[in-house]
Amino acid sequence: LEIIENSVSIEVREGEMEINGESLSGVYLKYDFSIKNNGRKTVGGMEEPNLDTYNFDDGLQYVIEPSDELVNRSIEILGYNIFEDIGNTSYSLTPLLKSNEMSEGNYIGYSLGVQEQTELQPVAPSKEQLDLLIEVANDAVLILSVKDKEIARFNLSQ
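Right under this line is the structure:
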């Protein structure tokens, strides 16, 4: 497996949710990446759907492993480690890659709050604080595994 490209950004999803008739815009720390299977065998699978997780138990699993500095910056800015809060994560990930196939459009997004002032959702950090977070956001590793067995590791800062 090879990482073809990767990027990290702050993404604002305008009107992503509506609460009590109010339209709210979610703010995310978003990791985008494209992976190529340059091996001879298919990796991952789509034979074992898991209805609890909406994933495939035999599919490729993707995890962002943040550096200590990135975790500390998250705690400093948001008050918690965003990489441990699975419930506030959005993603679109390819569960299976055939030989010489490339998957584009993969992403993992970590919710940072909403732009609007509301009592029902946390407000996202200021632009200055987001800049401090994005400054170290690439200081992480993307880990791919199948059935809890690590098959690839990519340093996102390179």
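Under my numbering, think of the first position of the sequence shown as 10, with each following residue one higher. Heads up, the beta-carbon is just placed ideally off N, CA and C, and yes, glycines get one too.
Distance, residue j Cα to residue i Cα
i       : j       : result
Asn-147 : Asn-47  : 24 Å
Lys-129 : Glu-110 : It should be pointed out that residue 129 corresponds to Leu in this sequence rather than to Lys. For Leu-129 and Glu-110, the distance between alpha carbons rounds to 43 Å.
Pro-131 : Glu-137 : 17 Å
Ile-143 : Asn-15  : 14 Å
Ser-76  : Thr-127 : 32 Å
Asn-59  : Ile-19  : 30 Å
Asn-29  : Gly-96  : 21 Å
Asp-157 : Gly-88  : 30 Å
Local conformation of residue i per DSSP, three classes
i       : result
Gly-30  : coil
Ile-105 : Correcting the residue type first, residue 105 is Leu in the shown sequence and not Ile. Three-state result, Leu-105: strand.
Gln-138 : helix
Arg-82  : helix
Asp-41  : strand
Glu-144 : helix
Glu-14  : strand
Gly-68  : coil
Gly-122 : strand
Asn-97  : helix
Leu-165 : coil
Cβ shell of residue i (< 7 Å), same chain only, five flanking positions each side left out
i       : result
Val-150 : Glu-74, Arg-162, Phe-163, Asn-164 and Leu-165
Ile-117 : Tyr-40, Tyr-71, Ile-73, Thr-98 and Tyr-100
Glu-25  : Leu-33, Ser-34 and Gly-35
Gly-114 : Ser-101
Residue from the options whose Cα sits closest to the Cα of residue i
i       : options                           : result
Thr-62  : Pro-104, Glu-78 and Glu-137       : Pro-104
Thr-123 : Leu-38, Glu-14, Val-17 and Ser-16 : With the sequence shown as reference, residue 123 is identified as Val, and Thr is not the correct amino acid for it. Of the listed residues, the one whose Cα sits closest to Val-123 is Leu-38.
Phe-42  : Ile-12, Leu-139 and Lys-158       : Ile-12
Own chain, CB closer than 6 Å to residue i, minus 5 neighbours either side, in chain order
i       : result
Pro-134 : Ile-86
Glu-125 : Leu-33
Sub-8 Å separation of residue i and residue j beta-carbons
i       : j       : result
Arg-82  : Leu-141 : yes
Ile-44  : Ser-120 : no
Val-145 : Glu-56  : no
Val-17  : Val-36  : no
Same chain, Cβ closer than 8 Å to residue i, five either side skipped, listed in chain order
i       : result
Val-155 : Val-52, Gly-53, Gly-54, Asp-67, Gly-68, Leu-69 and Gln-70
Val-80  : Asn-90 and Phe-92
Leu-202 : Within the shown structure, residues of the chain are numbered from 10 to 167, placing residue 202 beyond reach of any answer.
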